[in-house]
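Below: one structure, written as structure tokens.
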Amino acid sequence: MERTALTAGPEAAGERLDSFLAARLPGLTRSAAARLIETGQVLVDGKPARKSAKLAGGETVEVTLPDPEPADALPQDIPLDVVYEDNDVIVVNKPSGLVVHPAPGHPDGTLVNALLHHCGGSLSGVGGELRPGIVHRIDRDTSGLIIAAKNDAAHQALAAQLADHTLARTYEAVVVGALREDGGTVDAPIGRCPSDRKKMAVVPNGKRAVTHWEVLERFPGLTHVRCRLETGRTHQIRVHMAHLGHPIYGDTVYGGKKPVPGLTGQCLHAVGLRFVHPRTGETVELSCPLSGEFQALLEKLRRK
């Protein structure tokens, strides 16, 4: 058991207790926080409380977190759109809504579970038992190309390419508003948001993050762009475009609060991937079409 004490600052006044905990304890979902409250594992100023209780600000919130249960990712027969595959690597066109690997709140039904079934257990172990084969991630509600390694040597080689930026990733997105220029570069450090630990933000002490972008099409109130990652920070494109004042269309975390009808998540798709093959040394360059939702949105915008 791990016991954690949090202080509810003035900014927490009026916030539900379960929301307060989920926002301040990394990896804890609101539903998991509610279960902790209901089982008496949460005390507010030394007393049990209801999950719907609202804080006034200034309270001490004590949380007893249970020890994590050992878990292994298990194979599951989930359809995959395989773009490239050989004995060393596999590249998949991930649909929006599919989580990459098991995590709190998503114990199964992930890309890892699907890869274990498809590859027959032949995935690298560098990422650990819950992330076999996973070299890099894309967000649950982002679609497009993601590469996984089938053995440790391939994984280490691809990870090195991520580190020195020779593994190149290209995205397309629809952003809110009209970008003034036709292209540019965002060079702004990214780290945890000081006011919300579940979000990332441009912060002075963050890690260097560089995104190159160019306009592909312009529509009233929206712009279709291509983005190339020079670095690969968590939520990088989403944070950088929001930093420019043009968040990704449909992004309820860094943009509008309401989902966009017809979109599973944010309108962001990994269209291109280039890497040096870990065994042959040859350059492999891959692309995939935009998701059906993305294409439907563009067609609708073009008809206006």
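The numbering used here runs 1405 ahead of the 1-based position in the sequence shown. A virtual CB, placed ideally from N, CA and C, is assigned to each residue, including glycine.
Review point. In chain order, which beta strand (DSSP E) runs of at least 3 residues are fully inside the segment 1409-1490?
Key: With a minimum length of 3 residues, the continuous beta strand (DSSP E) runs that stay inside the segment 1409-1490 are 1447-1449, 1465-1470, 1487-1490.
Review point. Do cysteine 1693 and leucine 1485 come within 8 Å of each other at the CB atom, strictly closer than that value?
Key: For the purposes of this step, residue 1485 is taken as residue 80 along the sequence shown, with counting starting at 1. For the purposes of this step, residue 1693 is taken as residue 288 along the sequence shown, with counting starting at 1. Contact: no.
Exercise for review: Run the CB neighbour count on glycine 1419, radius 10 Å, all protein chains shown included, and call it buried at 16 or more, exposed below.
Suggested key: Position 14 of the sequence shown, counted from the first residue, corresponds to residue 1419. Classification for glycine 1419: exposed.
Exercise for review: For lysine 1612, I'd like the list of residues in its chain whose CB is within less than 8 Å of its CB, leaving aside the five on either flank, ordered along the chain.
Suggested key: As a working mapping, residue 1612 is identified with position 207 in the sequence shown. Same-chain partners within the cutoff: Pro1594, Ile1595, Gly1596, Thr1636, Arg1638.
**Study point:** Environment of leucine 1701 [buried if 16+ CB atoms lie within 10 Å]
**Key:** Residue mapping note: residue 1701 aligns to position 296 of the sequence shown, counting from 1. Contrary to the premise, residue 1701 reads as alanine rather than leucine in this sequence. Label assigned to alanine 1701: exposed.
Check your understanding: Are the beta-carbon atoms belonging to valine 1488 and leucine 1695 less than 8 Å from one another?
Key -> Within the sequence shown, the letter at position 83 stands for residue 1488. Within the sequence shown, the letter at position 290 stands for residue 1695. In this structure, leucine 1695 does not lie closer than 8 Å to valine 1488 by Cβ.
**Study point:** Where the beta strand (DSSP E) through alanine 1701 begins and ends
**Key:** Position 296 of the sequence shown, counted from the first residue, corresponds to residue 1701. Where alanine 1701 is concerned, there is no enclosing beta strand (DSSP E), although the alpha helix (DSSP H) it sits in stretches over 1697-1708.
Review point. Helix, strand or coil: which one does DSSP assign to isoleucine 1543?
Key: Locating residue 1543 in the sequence shown gives position 138, where the first residue counts as 1. Looking at isoleucine 1543 - three-state DSSP - the assignment turns out to be coil, as it is neither helix nor strand.
Practice item. Determine the DSSP secondary structure at aspartate 1587, reduced to helix, strand or coil. Key: Looking up residue 1587 in the sequence shown gives position 182. The answer is coil: DSSP assigns aspartate 1587 none of H, G, I, E or B.
Review point. If you drop the 5 nearest sequence neighbours on each side, which residues of the same chain put their C-beta closer than 6 Å to that of phenylalanine 1624?
Key: Numbered from 1 along the sequence shown, position 219 holds the residue referred to as residue 1624. Once the five neighbours on either side are set aside, the close Cβ partners of phenylalanine 1624 are Leu1706.
**Study point:** At least three beta-carbon pairs within less than 8 Å, the segment 1492-1506 to the segment 1449-1465
**Key:** no
Practice item. For the alpha helix (DSSP H) holding valine 1517, just list the boundary residues, first then last. Key: Within the sequence shown, the letter at position 112 stands for residue 1517. First-last of the alpha helix (DSSP H) with valine 1517: 1516-1524.
**Study point:** Neighbourhood of glutamate 1619 by C-beta, 6 Å cutoff - its chain only, sequence neighbours within 5 removed
**Key:** Position 214 of the sequence shown holds residue 1619. If we look at glutamate 1619 and ignore the five residues flanking it on each side, its Cβ neighbours are Gly1588, Arg1631.
Exercise for review: Rank Val1689, Pro1415, Thr1685, Gln1641 by C-alpha distance to the C-alpha of arginine 1679 and give the top, closest one.
Suggested key: Counting from one through the sequence shown, the residue named residue 1679 turns up at place 274. Looking at the Cα atoms, Val1689 is the closest of the given residues.
Practice item. Look at the Cβ atom of isoleucine 1483, then the Cβ atom of histidine 1511, and state whether they are nearer than 8 Å. Key: To locate residue 1483, count along the sequence shown from 1; it is residue 78. To locate residue 1511, count along the sequence shown from 1; it is residue 106. At a Cβ-Cβ threshold of 8 Å, isoleucine 1483 and histidine 1511 do not count as neighbours.
Review point. Based on Cα-Cα distance, which residue from Arg1574, Ser1424, Val1505, Gly1697 lies nearest to alanine 1458?
Key: Translated into the one-based positions of the sequence shown, residue 1458 becomes position 53. When each option's Cα is compared against that of alanine 1458, the closest is Ser1424.
Check your understanding: Can you name, in chain order, every residue of its own chain whose Cβ lies under 6 Å from the Cβ of glycine 1677, other than the five neighbours on each side?
Key -> Stepping through the sequence shown from its first residue, residue 1677 is reached at position 272. Counting only Cβ-Cβ distances below 6 Å, and skipping sequence neighbours, we find Thr1575, Ser1692.
Point to revise | Same chain, Cβ closer than 7 Å to asparagine 1518, five either side skipped, listed in chain order | key: Indexing the sequence shown from 1 puts residue 1518 at position 113. Result list for asparagine 1518: Ala1478, Leu1479, Pro1480, Gln1481, Ile1483, in chain order.
Practice item. Take every Cβ of the segment 1552-1570, pair it with every Cβ of the segment 1641-1658, and state whether three or more of those distances are shorter than 8 Å. Key: Taking a contact to require three or more Cβ pairs closer than 8 Å, the segment 1552-1570 and the segment 1641-1658 do not qualify as touching.
Exercise for review: List the endpoints of the continuous alpha helix (DSSP H) containing aspartate 1601.
Suggested key: In the sequence shown, the residue the question calls residue 1601 occupies position 196. Annotation for aspartate 1601: no alpha helix (DSSP H) segment contains it, though the beta strand (DSSP E) segment containing it runs 1601-1607.
Practice item. Return the bridge partner residues of tyrosine 1659 from the DSSP annotation. Key: The sequence position of residue 1659 within the sequence shown is 254, counting from 1. Its beta-bridge partners do not exist; DSSP assigns none.
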